[in-house]
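Take the sequence shown: its letters are residues 1 to 41, numbered as in our numbering. Glycine included, C-beta positions come from ideal geometry on N, C-alpha and C.
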Amino acid sequence: MLDHGRVIRRHELSDAEWEFVRPLLPVSLRGRKRLDDRRVL
Numbered sequence: 001m002l003d004h005g006r007v008i009r010r011h012e013l014s015d016a017e018w019e020f021v022r023p024l025l026p027v028s029l030r031g032r033k034r035l036d037d038r039r040v041l
């Protein structure tokens, strides 16, 4: 796609597109819970 002379890549979304996609994404964090970094050291 060409937008004002700039190529838009697949991973780039406009603000309007992002607002459409945002509700579809999970709200919770992914992965393990972080450890207390002070205890790891």
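Give every residue of the same chain whose Cβ lies closer than 7 Å to the Cβ of residue i, excluding the five residues on either side of it in the sequence, and list them in chain order.
i, result
"L35", "none"
"V21", "L13"
Going straight from the alpha carbon of residue i to that of residue j, what length do you get?
i, j, result
"E12", "L25", "16 Å"
"D15", "V27", "19 Å"
"E17", "P23", "11 Å"
What residue range is occupied by the uninterrupted alpha helix (DSSP H) comprising residue i?
i, result
"D36", "It is not in any alpha helix (DSSP H) - D36 carries neither H nor E in the DSSP assignment."
"E45", "The displayed coordinates of the chain run from 1 to 41. Any statement about residue 45 would go beyond what the structure contains."
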